[in-house]
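First comes the structure, then the notes that go with it.
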Amino acid sequence: MSQLHILNGDATFQEFNDTGIDGDVLVWREVFSEGPLAVKLDADFWHERQKFTGLTFNDTPDGYEHKVLHELEKLNQPYTDITLWFDFDLHCQVNMLGVMQLLQQQVDLSGPEIYLICPDCFPGVSNFRGMGQLTGKQLEVLYDNRLHLGEYDFKLASEAWRAYNTFNADKLDRFIDSTPFWGGLHQLKFALEAQMRRLEVNEQGLNYIEEKLLLIYQNGVNNQEAIYEAFWRDEAIYGMGDAEINTYLNRLQQRGLIRLV
Numbered sequence: 001m002s003q004l005h006i007l008n009g010d011a012t013f014q015e016f017n018d019t020g021i022d023g024d025v026l027v028w029r030e031v032f033s034e035g036p037l038a039v040k041l042d043a044d045f046w047h048e049r050q051k052f053t054g055l056t057f058n059d060t061p062d063g064y065e066h067k068v069l070h071e072l073e074k075l076n077q078p079y080t081d082i083t084l085w086f087d088f089d090l091h092c093q094v095n096m097l098g099v100m101q102l103l104q105q106q107v108d109l110s111g112p113e114i115y116l117i118c119p120d121c122f123p124g125v126s127n128f129r130g131m132g133q134l135t136g137k138q139l140e141v142l143y144d145n146r147l148h149l150g151e152y153d154f155k156l157a158s159e160a161w162r163a164y165n166t167f168n169a170d171k172l173d174r175f176i177d178s179t180p181f182w183g184g185l186h187q188l189k190f191a192l193e194a195q196m197r198r199l200e201v202n203e204q205g206l207n208y209i210e211e212k213l214l215l216i217y218q219n220g221v222n223n224q225e226a227i228y229e230a231f232w233r234d235e236a237i238y239g240m241g242d243a244e245i246n247t248y249l250n251r252l253q254q255r256g257l258i259r260l261v
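Going by full-length UniProt numbering, the sequence shown opens with residue 1, and the numbers climb by one from there.
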């Protein structure tokens, strides 16, 4: 049996190497929760993503080629078993939808068995934020309890990907309300609800993330690291790292609403 494990980001990679789990690893380093998307992941799509990451995260074209596109070449191999390792937050769930869309485009799904590992907690781990907190032994426990994904799950993922790509809160709300059963994608609804909140804009022209960051600042937190911690404590559902939060902080600074020390 040939196995492929698709890990969301590098945080889990080191501990995964300490497990006794066989198989190749594809590290997914894209951030689909930020920037332009499209329903079809074609050459134009990846070109736009490359431009966005360069402008937003100061990534170079060669860096993107190596860290993202080169990894995707592993999907061309005839694996019999593919396991998706994605956390519960919006960042990971949107990446998961993108991966499932890509698998439907590039892989004959009648061949490999597809599994999902998506915990929102782990026994004995307080303030659980994701699999990057776990040891190799704990990851093995998750692997032993992975969920098999079927045709319904891929159909749902495709519909959710289309709904997400509208970037319209009302359309996303209708999709959520019209979905009675979430199959193996048991964390997806909560992530999409978080996206709905992010799409709504207040009278100041601020979205939910910007409102939360501004409130943290107004409560006396004006140090960047402390702002990260306060945001992560209350809004773990968004799964944002430093770089993503910085894009929102930069907007607030450009509008003169905050001044960080």
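Virtual Cβ for every residue (Gly too), placed ideally from N, Cα, C.
May I ask which residues mark the beginning and end of the alpha helix (DSSP H) holding residue i?
i	result
Glu-210	208-218
Leu-139	136-144
Leu-156	151-165
Tyr-248	242-254
Asp-170	169-177
Where residue i and residue j are concerned, what is the direct C-alpha to C-alpha distance, given to the nearest angstrom?
i	j	result
Ala-163	Tyr-64	27 Å
Asp-242	Ala-230	12 Å
Gln-254	Asp-81	48 Å
Asn-58	Lys-51	10 Å
Gln-138	Asn-222	36 Å
Val-68	Ala-43	13 Å
His-70	Asn-76	11 Å
Pro-61	Glu-48	11 Å
Looking at the structure shown, is residue i part of a helix, part of a strand, or coil, going by DSSP?
i	result
Val-94	helix
Ile-114	strand
Gln-187	coil
Val-261	coil
Leu-192	helix
Phe-128	coil
Gln-204	coil
Original post:
Using 8 Å as the threshold, is the stretch 187-196 in touch with the stretch 77-90, meaning 3 or more CB pairs across them?
Top reply: yes
Original post:
What are the start and end residues of each continuous beta strand (DSSP E) run of 3 or more residues lying completely inside the UniProt domain "DUF1835" (5-106), in chain order?
Top reply: 24-28, 81-85
**OP:** Could you tell me whether the stretch 26-37 touches the stretch 93-100, using the rule of 3 or more Cβ pairs below 8 Å?
**Re:** yes
**OP:** Report yes or no: do three or more beta-carbon pairs, one from the stretch 144-157 and one from the stretch 13-30, lie closer than 8 Å?
**Re:** no
Original post:
Counting Cβ pairs, one atom from each stretch, are 3 or more of them under 8 Å apart for the stretch 173-182 and the stretch 154-162?
Top reply: With a cut-off of 8 Å on Cβ pairs, the stretch 173-182 is in contact with the stretch 154-162, counting three or more such pairs.
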